[in-house]
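K.L.:
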């Protein structure tokens, strides 16, 4: 171990205690194999790891953690790895979103209660990325976040398969009996081609990329192959850097400013990013009392087009995006509109970091003057059906449906929708608007990714591949179609979505950002008097806490007791260090 830190650290209160607790605390680490005889006050660095065998996306984080530890030790710090809840997008039900806030609490309370001076956050799968950062932001200790990377690309009959995006497409082929069950199973094996996150611009790729843009993750890391030697080298360097950050007292609140969040929104639009990023960025910024929804999203969305040709908005996969330069190349294309003065975890400005990048515009990463898709990539709509907003990924929608009027077909919940969507007697046509309700934050609970309602089989057989769909649910970042999501207020609390009836006329006008239920205010008021709130079966436990405390999508679905209401509530209260 190296010499004592030049500054007083919070961990010193544990290990330099004047009474018996100092001896006890040093003994606790000594029992774990740390030579405390040479301890002179070195920084203690936590490694918050979402690794778990239930989460295939995050399986390589155990190896990443070992590299981080090497870097921390070389820089003179003491690494202490600790587990936090892993949120596996594929196996966790009803949705990993239900537990994102719990992960943030897990991180925050570990950082509060243990002698940790700085932290390296290890995530990868969709909700682990924002959950880790939300907790670290509330604690506001020096922090760096690393990811595990995308999975390798599988192939089926010579076609490179995009995670999620091709799954949904082949599922429709199976429903239409265009492929056999045996072929379906073969496709499934090709899609399950190893550990790592989705190899499309889904939520994991979007959120990890945005952390690069926010200055919390090393530039170029997020898209590197899961087993890349460069990934491991960068992770080791991050272990060294976090020790220096503790000495510099460089905290997340020094890095994450209104300007850096606006940069992240620009990056999200340029990537053709996931609609889930709207919720997550709103929640992350909300931990610092910074507001993005809806104005920043719509203002930026009206200026920044999609320039990354990656599925589902484009055609290519993340490995091709990485070869083309990845997130640094996109930031370079955006440099004329970004605020380059923002600080990053390196201590340098974004300008300094991208100054040496000089990629040429490619077919995979375009310039702003030659985009993949015109503006907007994502839009927030308002109207009497969504007074506080709804979200659509315009880059993945059908152009002929962006201005549309049709009759509503209403499904009261997910189970009813699945039971009826392929019924031959369902009165649906190409102009119909499918409504799914009671699928929001409180309604399930957890706001699962049910919003991409399947196109009825009988329409698919006629060659109809898209309909307008509206819900208070989310959809996977790998999904596509003219799907309006995150309707606020949700149906379960009596939002207008709860009042829609079969046959009601609904109008959407995406260029004007409008979503309108063509029913009189008097009729809606009458329907509201007749509405009965659905009863939840959850009477106890974490789901009950979630239902009681979760905010709506326009506030990021954070908990009301975690999102500060003023600057006074930003304070991170330290524990009393004494006998336990």
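In the working numbering, the protein residues as written are 255 to 834. Here a beta-carbon is modelled for each residue, glycine too, at the ideal position from N, C-alpha and C. Because the structure is a prediction, the values reported are computed rather than measured.
1) Residue 440 by DSSP, collapsed to three states: which one?
2) Under the three-state reduction of DSSP, which class applies to residue 621: helix, strand or coil?
3) Report back the beta-carbon spacing between residue 568 and residue 562 to the nearest angstrom; my notes put them in contact at under 8 Å.
4) Going by DSSP in three states, residue 569 sits in which element: helix, strand or coil?
5) Mind the definition here: the region 449-461 touches the region 369-376 only if three or more C-beta pairs lie below 8 Å; say whether that holds.
6) Buried or exposed: where does residue 715 fall if 16 or more other Cβ atoms within 10 Å of its Cβ makes it buried?
7) Which value, in whole angstroms, describes the spacing of the CA atoms of residue 402 and residue 727?
8) Using the C-alpha atoms, what's the distance from residue 541 back to residue 468?
9) Does DSSP put residue 256 in a helix, in a strand, or in coil?
10) Between residue 348 and residue 298, which are expected to be in contact by the criterion C-beta below 8 Å, what is the C-beta distance as a whole number of angstroms?
11) Around the C-beta of residue 574, are 16 or more other C-beta atoms found within 10 angstroms, so that it is buried, or is it exposed?
12) How many angstroms separate the CA atom of residue 256 from the CA atom of residue 817?
13) Secondary structure at residue 504, three-state DSSP: helix, strand or coil?
14) With a cut-off of 8 Å, do at least 3 Cβ pairs link the region 609-625 to the region 581-597?
15) I want to know whether the region 483-490 touches the region 412-432 - three or more CB-CB distances under 8 Å.
16) Determine whether the beta carbon atoms of residue 581 and residue 466 lie at a separation below 9 Å.
17) In three-state DSSP terms, what is residue 269?
18) Does the count of Cβ pairs from the region 687-700 and the region 717-727 closer than 8 Å reach three?
19) Can you tell me the Cα-Cα spacing of residue 755 and residue 671, whole angstroms?
20) In angstroms with no decimal places, state the Cα-to-Cα distance between residue 352 and residue 699.
21) Comparing C-alpha positions only, which one of 343, 323, 814 sits nearest to residue 308?
22) DSSP beta-bridge partners for residue 813?
23) Would you mind reading off the limits of the alpha helix (DSSP H) that contains residue 285?
24) Would you kindly check if the distance between the Cβ of residue 731 and the Cβ of residue 536 is under 9 Å?
25) Terminal residues of the continuous beta strand (DSSP E) containing residue 659?
26) Rounded to the nearest angstrom, how far is the Cβ of residue 522 from that of residue 464, given a contact under 8 Å?
27) On the DSSP bridge list, what partners appear for residue 397?
28) For the region 380-394 against the region 546-553, are there 3 or more C-beta pairs whose distance is under 8 Å?
29) Taking only the alpha-carbon atoms, compute the straight-line gap between residue 442 and residue 709 and give it to the nearest angstrom.
30) Please classify residue 827: is it buried, with 16 or more other beta-carbons within 10 angstroms of its beta-carbon, or exposed?
31) Start and end of the beta strand (DSSP E) containing residue 298?
32) Whole-angstrom Cβ separation of residue 459 and residue 608, contact assumed at under 8 Å?
33) Quick one: give me the first and last residue of the beta strand (DSSP E) that residue 637 is part of.
34) Apply the 10 Å Cβ neighbour rule to residue 734 and answer buried if 16 or more other Cβ atoms are within range, or exposed otherwise.
P.N.:
With the given structure in hand:
1) helix
2) coil
3) 6 Å
4) coil
5) no
6) exposed
7) 28 Å
8) 15 Å
9) Model confidence at residue 256 stands at a pLDDT of 49, short of 50, so the residue's coordinates are unreliable; what they give is reported in the following sentence. Looking at residue 256 - three-state DSSP - the assignment turns out to be coil, as it is neither helix nor strand.
10) Not a contact, Cβ separation roughly 38 Å.
11) buried
12) The pLDDT assigned to residue 256 is 49, lower than 50, so where the model puts this residue is not dependable; a value taken from the coordinates is nonetheless given after this. Approximately 39 Å between the Cα atoms of the pair.
13) coil
14) yes
15) no
16) yes
17) helix
18) yes
19) 15 Å
20) 7 Å
21) 343
22) 804
23) 274-285
24) no
25) 657-665
26) 6 Å
27) 373
28) no
29) 21 Å
30) exposed
31) 298-303
32) About 19 Å; that fails the 8 Å criterion.
33) 632-637
34) buried
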